[in-house]
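Notes follow the structure.
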Amino acid sequence: MSLPNLKESNEKNLRVVAIGGGTGLSTLLRGLKRYVASPDRRKGIRLGRSQEMEGAPTPPCPSPRCIIRELSAVVTVTDDGGSSGRLREDFKMLPPGDIRNCMVALSEDEHLLSRLFQFRFEHGELEGHSFGNLFVAALSHITGDFAQAVQMSSQILATRGRIFPSTNANVTLAADMDDGSLVRGETNITASKHSIVELRLDPQTAHPLPETLEAIANADLITLGPGSLYTSLITNMLVRGIPEALAASRATKVFVCNLMTQANESLGLTASQHIEKILQHAGGLSVPIFDYALVNTGHISPKRLEQYAREGQQPIEADLERIRSLGVEPVTGNYVHEGDVLRHDYDLVAERLLALGLDRVAVPA
Numbered sequence: 075m076s077l078p079n080l081k082e083s084n085e086k087n088l089r090v091v092a093i094g095g096g097t098g099l100s101t102l103l104r105g106l107k108r109y110v111a112s113p114d115r116r117k118g119i120r121l122g123r124s125q126e127m128e129g130a131p132t133p134p135c136p137s138p139r140c141i142i143r144e145l146s147a148v149v150t151v152t153d154d155g156g157s158s159g160r161l162r163e164d165f166k167m168l169p170p171g172d173i174r175n176c177m178v179a180l181s182e183d184e185h186l187l188s189r190l191f192q193f194r195f196e197h198g199e200l201e202g203h204s205f206g207n208l209f210v211a212a213l214s215h216i217t218g219d220f221a222q223a224v225q226m227s228s229q230i231l232a233t234r235g236r237i238f239p240s241t242n243a244n245v246t247l248a249a250d251m252d253d254g255s256l257v258r259g260e261t262n263i264t265a266s267k268h269s270i271v272e273l274r275l276d277p278q279t280a281h282p283l284p285e286t287l288e289a290i291a292n293a294d295l296i297t298l299g300p301g302s303l304y305t306s307l308i309t310n311m312l313v314r315g316i317p318e319a320l321a322a323s324r325a326t327k328v329f330v331c332n333l334m335t336q337a338n339e340s341l342g343l344t345a346s347q348h349i350e351k352i353l354q355h356a357g358g359l360s361v362p363i364f365d366y367a368l369v370n371t372g373h374i375s376p377k378r379l380e381q382y383a384r385e386g387q388q389p390i391e392a393d394l395e396r397i398r399s400l401g402v403e404p405v406t407g408n409y410v411h412e413g414d415v416l417r418h419d420y421d422l423v424a425e426r427l428l429a430l431g432l433d434r435v436a437v438p439a
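Using the working numbering, read the sequence shown as starting at 75 and increasing by one per residue.
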């Protein structure tokens, strides 16, 4: 499946919403941003809002055609470890780490400013903190609003997309484990030797930003994944209003399945079982959330398989018929990029996703 030919018209340009967290979401955003117009650098930034110059020409498109007219990322905010956890504890703010990675991934120039945002101090009282996390923390303090601080930071990095925390509420993860215990906090949950049975947010009344619901309602293409099943993906589905918005959306909705199982999150789970766990935590909606699932069926080298096997991890089984029985159509292919660790080939994944979105847009309603 490749990108279809497009007419020079905005009618077939897509509004895309990518939901997730961790390295999975930032990796996907790097692929999608190639199809978004470059941001206009003549924007003025002020505390509270930004203003565009009237009459500014359309910014240049980095790809042959600007397939994405609007790209939004919805990012989980339950991390409580490392630099993010320390800032969360000291300043009672939401964790900026995953959001910082997404800002860098979407930035117009992933060089000096992006390197600055990713710079991590190695000595003194700031040891372990990244500059970007501290920057977002400072803006959060100045503005009194974490979501606004994220938008302002995104403007400074000239990101090709908008980034929203899944909720502005200061939420904590809690998990019922298979031994009957209750574990609180993302770091403790991922460190547990037991399997997660059910995940929930505390407080359970956390709501999304209005802008998130608006982006989902207006989207042509919505993606969930890749990322840690519980702590990057399901966490977003626990925010009240997001599953319902996904079910109500007329967009093409695609689950991007992980390449490998993950300790404490998905060991032994097949691709279809990943989808089932997500649906279970979405409140058992009667309307399907996903139309398609991107599932890897490509080759992984024996050397890399052996590396992951030492951690008990293995490729996720592509049980295609079971996926279809859930009302989801699998889209298979070789989505693997092998480096020091396995990652999705974000260029290929982005191309497949956009082809699915454009196919739906091309069909008259």
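We put the beta carbon where it would ideally sit given N, CA and C, even for glycine.
Treat the numbers as computed from the prediction; the structure is a model and nothing was measured.
Delimiting residues of the beta strand (DSSP E) encompassing residue i
{"i": "Pro-258", "result": "In the sequence as presented, Pro is not what sits at residue 258; that position holds Arg. Taken as a continuous stretch (DSSP letters only), the beta strand (DSSP E) holding Arg-258 covers 256-258."}
{"i": "Leu-88", "result": "88-94"}
{"i": "Ala-248", "result": "246-251"}
{"i": "Leu-400", "result": "That residue, Leu-400, is in no beta strand (DSSP E); it is neither H nor E in DSSP."}
{"i": "Ala-243", "result": "Counting along the chain, Ala-243 falls outside any beta strand (DSSP E), and DSSP gives it neither H nor E."}
{"i": "Gly-234", "result": "One point to set straight first is that residue 234 is Arg, not Gly, in the sequence displayed. Counting along the chain, Arg-234 falls outside any beta strand (DSSP E), and DSSP gives it neither H nor E."}
{"i": "Ala-147", "result": "142-149"}
{"i": "Leu-416", "result": "416-418"}
{"i": "Glu-412", "result": "410-412"}
Contact under 8 Å by Cβ, residue i with residue j
{"i": "Pro-240", "j": "Pro-300", "result": "In the sequence on display, residue 240 carries Ser and not Pro. Cβ atoms of Ser-240 and Pro-300: not closer than 8 Å."}
{"i": "Val-149", "j": "Ala-289", "result": "no"}
{"i": "Ala-232", "j": "Glu-272", "result": "no"}
{"i": "Arg-434", "j": "Thr-326", "result": "yes"}
{"i": "Leu-368", "j": "Leu-88", "result": "no"}
{"i": "Phe-364", "j": "Val-330", "result": "no"}
{"i": "Ser-323", "j": "Ala-293", "result": "yes"}
{"i": "Leu-359", "j": "Ala-319", "result": "no"}
{"i": "Leu-145", "j": "Val-178", "result": "no"}
{"i": "Ala-345", "j": "Ile-390", "result": "yes"}
Residue i versus the options, residue with shortest Cα-Cα distance
{"i": "Glu-412", "options": "Gly-372, Glu-395, Leu-427", "result": "Gly-372"}
{"i": "Val-423", "options": "Val-405, Asp-414, Val-415, Asp-433", "result": "Val-405"}
{"i": "Phe-220", "options": "Leu-161, Asp-393, Glu-339, Val-402", "result": "Leu-161"}
{"i": "Ile-349", "options": "Asn-338, Asn-332, Ala-337", "result": "Asn-332"}
{"i": "Tyr-382", "options": "Gln-336, Ser-399, Ser-346", "result": "Gln-336"}
{"i": "Lys-107", "options": "Ile-141, Glu-380, Ala-212, Gly-407", "result": "Ile-141"}
{"i": "Arg-483", "options": "Asn-292, Lys-267, Thr-297, Met-311", "result": "No answer is possible for residue 483: the residues shown for the chain start at 75 and end at 439."}
{"i": "Gly-202", "options": "Gly-155, His-215, Thr-97", "result": "Gly-155"}
{"i": "Tyr-366", "options": "Leu-298, Ser-158, Ile-230, Thr-279", "result": "Leu-298"}
{"i": "Pro-376", "options": "Leu-416, Ser-227, Arg-396", "result": "Leu-416"}
{"i": "Ser-112", "options": "Gln-229, Leu-208, Leu-213", "result": "Gln-229"}
{"i": "Leu-353", "options": "Arg-234, Ser-266, Gly-386, Pro-317", "result": "Pro-317"}
{"i": "Ile-308", "options": "Tyr-409, Arg-143, Thr-152", "result": "Thr-152"}
{"i": "Asp-172", "options": "Leu-200, Glu-395, Leu-180", "result": "Leu-180"}
{"i": "Pro-170", "options": "Met-226, Arg-189, Gly-206, Phe-193", "result": "Gly-206"}
Residue i: first and last residue of the uninterrupted alpha helix (DSSP H) it sits in
{"i": "Arg-457", "result": "In the structure displayed, the chain extends from 75 to 439; residue 457 sits before or after that span and is not available."}
{"i": "Thr-217", "result": "205-217"}
{"i": "Arg-160", "result": "156-165"}
{"i": "Val-224", "result": "220-230"}
{"i": "Arg-189", "result": "186-192"}
Whole runs of the beta strand (DSSP E) within the segment 312-396, excluding any shorter than 3 residues: 326-330, 366-370
Three or more C-beta pairs below 8 Å linking the segment 229-248 and the segment 257-267: yes
With a threshold of 8 Å, are at least 3 pairs of Cβ atoms found where one atom belongs to the segment 415-435 and the other to the segment 100-107? yes
Would you list, in sequence order, the uninterrupted beta strand (DSSP E) runs of no fewer than 3 residues that lie entirely inside the segment 271-299? 295-298
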